[in-house]
């Protein structure tokens with residue numbers, strides 16, 4: 043699929059005159075899920091993720107000349123996606139975060155004794171999403187890109203527009219908070235709902 | 046040498062820098078078992094790639110189709126707006142040019158009027174004056190004097206608007222001489 047798209051994107055403009063919609067459609071299909079997942083993991087809800095994903099592709103396709111190289115296009119899209127999602131949360135001023143001490147309730151909490159194995163449970167997606175809510179937007183983006191997508195720290199740094207050391211700091215914080223969340227979640231007898239927190243303070247501290 | 050939790054978190058993903066890696070190597074000398082913290086982080090990390098996929102309850106196909114359609118419409122709408130010819134810019138520059146042109150026209154009209162210049166010149170004034178030697182009419186730089194005649198005798202001067210009159214009687218002969226000068 044990637045090779046096919048790259049071939050389409052590299053064709054001369056006149057040949058492509060009649061294939062613009064197909065070319066764009068192929069580009070969208072190739073990258074949409076990855077972009078949506080990244081945005082969704084950062085913003086934490088489907089409706090916002092849907093709007094932002096659409097914005098990301100519209101921005102990208104308005105500069106089609108930068109999409110000729112498939113690999114660079116993917117990286118460029120990730121950058122737009124991560125920054126769009128982070129900016130969105132910044133504009134809102136507050137992100138919905140759960141503190142690790144005040145965790146949301148699981149229907150059958152306590153079933154899994156091993157916190158590290160909670161991510162294998164049927165509710166793993168919900169647990170994962172709840173755990174992400176304890177991170178700052180930049181930590182979320184860094185963790186998703188590094189550990190979920192498998193991008194290296196340098197690529198994450200390029201995408202987030204910061205240094206590799208800052209990315210390491212984000213990743214370290216994110217993993218520690220994530221693990222702490224899982225441990226608390228496995229052990230907590232009762233867990234209240236989410237509470238909005240000012241994440242900007244955390245972001246400043248980590249940088 | 047003890048590693049912090051954050052260092053373990055970085056080591057689990059091969060993200061640690063030189064110093065934590067060295068510390069880890071020194072700490073693990075002689076110890077066969079891996080550090081529990083690092084193992085726990087590694088276990089969690091190993092599960093992460095699963096979350097590239099969305100949960101099954103997501104109606105992804107429908108969502109994707111809807112987003113794709115919206116994106117294509119959005120891109121086309123953007124192109125339509127960009128391809129529309131830009132409106133003629135009548136901004137402050139055009140206003141300034143128009144004002145300058147208007148100034149030139151008005152000034153030209155004003156300056157071409159001879160009356161304007163005429164009104165700016167000093168008015169022509171004729172001055173009639175009785176002087177010891179005679180009646181003098183001055184007009185700008187020139188002057189005309191009508192002499193009384195002899196020095197002795199009786200002189201009567203009278204004048205009105207635009208004229209002056211001198212009546213002179215010669216004592217010897219009794220002859221009356223009238224000099225009347227008008228100015229126009």
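Chains as they are written, first to last, in my numbering: chain H, 43 to 249; chain U, 46 to 229. We put the CB at the ideal spot given by N, CA and C, even for glycine.
Residue i versus residue j: straight-line alpha-carbon distance, rounded
{"i": "residue 138(U)", "j": "residue 130(H)", "result": "39 Å"}
{"i": "residue 71(U)", "j": "residue 55(U)", "result": "16 Å"}
{"i": "residue 73(H)", "j": "residue 200(H)", "result": "19 Å"}
{"i": "residue 215(U)", "j": "residue 157(U)", "result": "58 Å"}
{"i": "residue 215(H)", "j": "residue 51(U)", "result": "7 Å"}
{"i": "residue 127(H)", "j": "residue 175(H)", "result": "14 Å"}
{"i": "residue 87(H)", "j": "residue 192(H)", "result": "23 Å"}
{"i": "residue 69(U)", "j": "residue 59(U)", "result": "12 Å"}
{"i": "residue 221(H)", "j": "residue 165(H)", "result": "16 Å"}
{"i": "residue 235(U)", "j": "residue 190(U)", "result": "Because residue 235(U) is not part of the residues shown, which for chain U are 46 to 229, the question remains open."}
{"i": "residue 227(H)", "j": "residue 217(H)", "result": "15 Å"}
{"i": "residue 123(U)", "j": "residue 104(U)", "result": "28 Å"}
Extent of the continuous beta strand (DSSP E) run through residue i
{"i": "residue 223(U)", "result": "221–227"}
{"i": "residue 213(U)", "result": "208–214"}
{"i": "residue 119(H)", "result": "Premise fails: residue 119(H) lies in the alpha helix (DSSP H), 112–134, not in any beta strand (DSSP E)."}
{"i": "residue 180(U)", "result": "179–184"}
{"i": "residue 204(U)", "result": "199–205"}
{"i": "residue 175(U)", "result": "171–175"}
Nearest to residue i (by Cα), restricted to the options the options
{"i": "residue 84(H)", "options": "117(H), 115(H), 215(H), 181(H)", "result": "181(H)"}
{"i": "residue 90(H)", "options": "148(U), 155(U), 108(U), 220(U)", "result": "108(U)"}
{"i": "residue 225(H)", "options": "204(H), 203(H), 170(H)", "result": "170(H)"}
{"i": "residue 315(U)", "options": "87(U), 80(U), 103(U), 213(U)", "result": "Not covered by the structure: residue 315(U). The range shown for chain U is 46 to 229."}
{"i": "residue 82(H)", "options": "116(H), 219(H), 168(H), 192(H)", "result": "168(H)"}
{"i": "residue 112(U)", "options": "107(H), 66(H), 117(H)", "result": "66(H)"}
{"i": "residue 84(U)", "options": "124(U), 53(U), 224(U), 101(U)", "result": "53(U)"}
{"i": "residue 200(U)", "options": "150(U), 175(U), 171(U), 206(U)", "result": "175(U)"}
{"i": "residue 69(H)", "options": "95(H), 229(H), 112(H), 204(H)", "result": "112(H)"}
CB contact below 8 Å: residue i versus chain A
{"i": "residue 175(H)", "result": "Among the chains of the structure shown, chain A does not appear; the protein chains present are H and U."}
Boundaries of the alpha helix (DSSP H) in which residue i is found, first to last residue
{"i": "residue 208(H)", "result": "206–229"}
{"i": "residue 192(U)", "result": "Element bounds for residue 192(U): not the alpha helix (DSSP H) but the beta strand (DSSP E), 187–192."}
{"i": "residue 171(H)", "result": "166–174"}
{"i": "residue 124(U)", "result": "105–128"}
Buried/exposed call for residue i, threshold 16 Cβ in 10 Å
{"i": "residue 106(U)", "result": "exposed"}
{"i": "residue 234(H)", "result": "In this prediction, residue 234(H) scores a pLDDT of 44, lower than 50, which makes its location untrustworthy; no coordinate-derived value is stated."}
{"i": "residue 229(U)", "result": "exposed"}
{"i": "residue 49(U)", "result": "exposed"}
{"i": "residue 178(H)", "result": "buried"}
{"i": "residue 143(U)", "result": "exposed"}
{"i": "residue 134(H)", "result": "exposed"}
{"i": "residue 212(H)", "result": "buried"}
{"i": "residue 220(U)", "result": "exposed"}
{"i": "residue 218(U)", "result": "exposed"}
{"i": "residue 108(H)", "result": "exposed"}
{"i": "residue 202(H)", "result": "buried"}
{"i": "residue 170(U)", "result": "exposed"}
Residue i: CB within 7 Å of a non-hydrogen atom of the ligand ADP
{"i": "residue 63(H)", "result": "Among the components of this structure there are no ligands whatsoever, and the ligand ADP is therefore not found."}
**Message:** Between the stretch 180–193 of chain H and the stretch 107–119 of chain U, can you find at least three pairs of beta-carbon atoms closer than 8 Å?
**Reply:** no
**Asked** Is the stretch 84–99 of chain U in contact with the stretch 59–70 of chain U, if contact means three or more CB pairs nearer than 8 Å?
**Response** no
**Prompt:** Are at least three pairs of beta-carbons, each pair with one atom in the stretch 66–81 of chain H and one in the stretch 119–129 of chain H, less than 8 Å apart?
**Reply:** yes
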